[in-house]
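Chains as they are written, first to last, in this note's numbering: chain U, 1 to 79; chain A, 1001 to 1194. Note sheet for the following structure.
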Amino acid sequence: MTPEPADPLLASLADLSGLTPAPALDGRVRARCHAVMTGRRPSPLARTARRAIDGLLPVAVVVYAVVTLAEGLRTLLGR
Amino acid sequence: MDREVELALVERVRAGDTAAFDAIHAAFNTRLYGFLARLARSRDIAEDLLEETWLRFVTHADQLRPDTRLGPWLFTVARNVHVTWCRARAVERRATATLDLWPAESAAESPFAQAAGHELGRRLEHALASVSVEAREVLLLVGVEGMTPSEAAAVCGVTPEAMRQRLKRARALLSERLAESDARPVARLREVKL
């Protein structure tokens, strides 16, 4: 598929006058967005803790699986 | 926007850098507003939809992929916000009496008419406003924003082939409306009043 760069009708649309929002809106939107961004951003300590927990989770799962398996075998062989 | 600059901005905004957000806002805000204002045919509605678009952007900024292309991403969100608004309005219209739709006799002259200083611009704005919203979004994305049909297809969530067909139909419709306006004086554009 190829665009139609030579199409004069579509090209004329690109020349339409630009519309601009009210400056007051810009300030309000940016302030609200900044608040959302800074509000959701965790502290460096929280980030480190979350990474540590994320890293430990697979290890904990493996250890739990090994212990459960060993316990199962011990029970089975102990009979 | 240069691709390397864009990738750097994506990385920074993912990390919560408000200065990066300001740079992205400065680069896309007017384009998004023009897209939404022509799509909704109202400045007031466009301002609400624009605000919602940016709020969705920052809410999901930390989930952006590192290779995100900001333009298509933002226009997709803006389009989705408009679709949601249209659905809500449809529900409202079914529940209430008929609304004063375009063109409105009592409304003030549209900003589009004011902005379209020359005759061709005025006719184009009028023709663009008179086609269906599906045709209008295609013409805005490809004609005004200069997206390729493939990019516009991604924004609209359709296949490139379907987009090519939609563009063809939309172009024919716009051409038809322009020809009609050649035959009679162009009425003043009015904003939709809800």
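We treat Cβ as the ideally placed atom computed from N, Cα and C, and that holds for glycine. As the structure is a prediction and not an experimental result, all values here were calculated from the model.
Query	Result
Return the residues of the segment 8-25 of chain U that lie within a Cβ-Cβ distance of less than 8 Å from chain A, sorted by chain order.	LEU9, LEU10, ALA11, SER12, LEU13, ALA14, ASP15, LEU16, SER17, GLY18, LEU19, THR20, PRO21, ALA22, LEU25
Mapping DSSP to helix, strand and coil, what is THR39/U?	At residue 39/U the sequence reads Gly, which differs from the Thr that was named. The answer is helix: DSSP assigns GLY39/U an H, G or I state.
Which stretch, first to last residue, makes up the alpha helix (DSSP H) that contains PRO58/U?	44-78
Counting only C-beta atoms, is ALA1008/A closer than 8 Å to chain U at any point?	no
Residues of the segment 1009-1024 of chain A in Cβ contact with chain U at a cutoff of 9 Å, in chain order, please.	VAL1013, ALA1015, GLY1016, ASP1017, THR1018, PHE1021, ASP1022
Please state the DSSP three-state secondary structure of SER1181/A.	helix
Using a cut-off of 7 Å between C-beta atoms, extract the partners of TRP1054/A located in chain U.	VAL29, CYS33
Return no unless some Cβ of chain U is closer than 8 Å to the Cβ of GLY1034/A.	yes
So which of LYS1168/A, VAL1131/A, ARG1122/A, ARG1056/A has the shortest CA-CA distance to HIS1025/A?	ARG1056/A
Taking all protein chains shown into account, do 16 or more other C-beta atoms lie within 10 angstroms of the C-beta of CYS33/U, making it buried, or fewer, making it exposed?	buried
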